[in-house]
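What the sequence shown shows, in UniProt numbering, is residues 1 to 320, in sequence order. Please read the structure below before turning to the comments.
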Amino acid sequence: MARNKIALIGSGQIGGTLAHLAGLKELGDIVLFDIAEGMPQGKALDIAESSPVDGFDAKLAGTNTYEAIEGADVVIVTAGVPRKPGMSRDDLLEINLKVMEQVGAGIAKHAPNAFVICITNPLDAMVWALQKFSGLPSHKVVGMAGVLDSARFRYFLADEFNVSVEDVTAFVLGGHGDTMVPLTRYSTVAGIPLPDLVKMGWCTAERLEQIVQRTRDGGAEIVGLLKTGSAFYAPASSAIAMAESYLKDKKRVLPCAAALNGQYGLKNTYVGVPVIIGAGGVERVIEIDMNADEKAMFDKSVASVDGLIEACKKIQPSLA
Ligand code: APR
């Protein structure tokens, strides 16, 4: 059986890390695309030269032309400009919308059967626009946000309780931004919901709220520390988990920015919800029950995504 082909559109900090992880996990042959000349070629060669040491077989190529992504099974998009300190994800909107237009055209022409994972921020609006620009079916175009947000939540919880990260599950809904909705009632340590852990005296409700807030601010915390860019290791790991679930038909249940066509009472939008990712792409959107407080937070998050989508339509009327 031929190897899968993974195309990375954008070969910057996240793109390079994606290529390395995809190689280490032997997910397939890898093409790194970027508008910067030499850089994707250099990263491809550097990672290829690590393959004898780590013992993985994959062809790695760097390119500046879309022809090289021909027939890709998975396309992961990080092309665009990352956040600088003091810049919100929304400030990126206008620049990155133009990038999505070019990327969407390239995917439509050369990889129309791919499963496409978008990482470029502001995430929910960019993945919505990328699906429109590419014209690919909406269950084949998904945004990476929830896996990262819930990974941050899981890490903070594991650190707080001094337990293995493997035993912490966490649930984050809504848009990728300051309005994301970490759901404590659906988040557990080995199946014990967080509110029960508060009752058991593992931590106070106030402390839990601080952890929730740190999760919401997780991206900004890294931007503040790095000063010259935004997070890239955890975002890359998160997108690779999604790609792997698709390529291996694992049918993992992962929170992703997915197209909603009636679920949660929403249409023609992308919001972070739990989905099943398998060989069919997004095979199912899981509609969970929310209490009044959670619903209010979710609605606020959806409204903020709607605002960004409306802004995209103003900038690019063909999207309306
Ligand atoms: N086509 C292809 N690549 C592009 C284009 C374009 N039109 N415009 C910019 N790029 C490339 C840049 O040359 C750069 O190499 O996209 C790459 C982005 O890489 P970084 O600047 O290192 O950004 P990164 O940290 O990888 O983040 C990428 O993901 O999390 C989001 O907010 C983040 O939107 C940002 C994206």
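Virtual Cβ for every residue (Gly too), placed ideally from N, Cα, C.
Round the Cβ separation of S164 and L21 to the nearest angstrom and send it over; I've been treating them as touching at under 8 Å. Here residue 164 is taken as the residue at index 164 of the sequence shown, counted from 1. Here residue 21 is taken as the residue at index 21 of the sequence shown, counted from 1. With 8 Å as the limit, S164 and L21 do not qualify as a contact, their Cβ atoms being about 21 Å apart.
What are the residues that DSSP puts in a beta bridge with P193? Here the question's residue 193 lines up with position 193 in the sequence shown. P193 is bridged to T188.
Cβ-heavy atom distance between F33 and ligand 1 below 8 Å? Taking the sequence shown and counting its residues from 1, one reaches residue 33 at position 33. Yes, since a heavy atom of ligand 1 falls inside the 8 Å radius drawn around the Cβ of F33.
T188 versus M180 - alpha carbon distance: Walking along the sequence shown from the start, residue 188 turns up at place 188. Walking along the sequence shown from the start, residue 180 turns up at place 180. Their backbone Cα atoms lie some 18 Å apart in a straight line.
Counted within 10 angstroms of its Cβ, other Cβ atoms place P52 as buried (16 or more) or exposed: Locating residue 52 in the sequence shown gives position 52, where the first residue counts as 1. P52 comes out exposed.
Quick one: give me the first and last residue of the beta strand (DSSP E) that A258 is part of. Translated into the one-based positions of the sequence shown, residue 258 becomes position 258. Run containing A258: 252 to 261, per the beta strand (DSSP E) assignment.
Can you tell me whether A129 is helix, strand or coil according to DSSP? In the sequence shown, residue 129 corresponds to position 129, counting from 1. Correct three-state label for A129: helix.
I need the DSSP call for L8, collapsed to helix, strand or coil. By 1-based counting over the sequence shown, the position of residue 8 is 8. Looking at L8 - three-state DSSP - the assignment turns out to be strand.
From the DSSP secondary-structure annotation, give me the bridge partner or partners of C203. Working through the sequence shown from its first residue, we reach residue 203 at position 203. According to DSSP, which records beta bridges pairwise, C203 is partnered with nothing at all.
How long is the line joining the alpha carbons of A61 and A231, rounded to whole angstroms? Start at 1 with the first residue of the sequence shown, and residue 61 comes out as number 61. Start at 1 with the first residue of the sequence shown, and residue 231 comes out as number 231. Each residue's Cα considered, the two are about 24 Å apart.
With a threshold of 16 other CB atoms inside 10 Å of the CB of K140, please say whether the residue is buried or exposed. Residue mapping note: residue 140 aligns to position 140 of the sequence shown, counting from 1. It counts as buried.
Close-in-space but distant-in-sequence residues of the same chain around D217 (CB under 8 Å, 5 per side omitted): Position 217 of the sequence shown, counted from the first residue, corresponds to residue 217. Contacts found: D178.
F298: beta carbon under 8 Å from a heavy atom of ligand 1? Here residue 298 is taken as the residue at index 298 of the sequence shown, counted from 1. F298: no, Cβ never under 8 Å from ligand 1.
Any idea what DSSP makes of K248, helix, strand or coil? For the purposes of this step, residue 248 is identified with residue 248 of the sequence shown, where counting begins at 1. In this structure, K248 counts as coil in the three-state DSSP scheme.
Under 9 Å between C-beta atoms of A239 and I119: Taking the first residue of the sequence shown as position 1, residue 239 is located at position 239. Taking the first residue of the sequence shown as position 1, residue 119 is located at position 119. Yes. Within cutoff.
Given 8 Å as the limit, tell me if M39 has its C-beta closer than that to any heavy atom belonging to ligand 1. In the sequence shown, residue 39 corresponds to position 39, counting from 1. Because some heavy atom of ligand 1 lies under 8 Å away, the Cβ of M39 counts as near it: yes.
Taking the straight line between their C-alpha atoms, what separation do you get for P82 and Y264? Position 82 of the sequence shown, counted from the start, is the residue given in the question as residue 82. Position 264 of the sequence shown, counted from the start, is the residue given in the question as residue 264. Taking the straight line joining both Cα atoms gives about 30 Å.
Quick one: is G224 buried, meaning 16 or more other Cβ sit within 10 Å of its Cβ, or exposed? Taking the sequence shown and counting its residues from 1, one reaches residue 224 at position 224. Exposed.
In this structure, how does DSSP classify D91 when only helix, strand and coil are distinguished? Residue numbering aside, residue 91 sits at position 91 when the sequence shown is read from its first letter. If DSSP states are grouped into helix, strand and coil, D91 belongs with the helices.
Whether R3 touches A72 by CB criterion (9 Å): Within the sequence shown, the letter at position 3 stands for residue 3. Within the sequence shown, the letter at position 72 stands for residue 72. No, the Cβ-Cβ distance between R3 and A72 is not below 9 Å.
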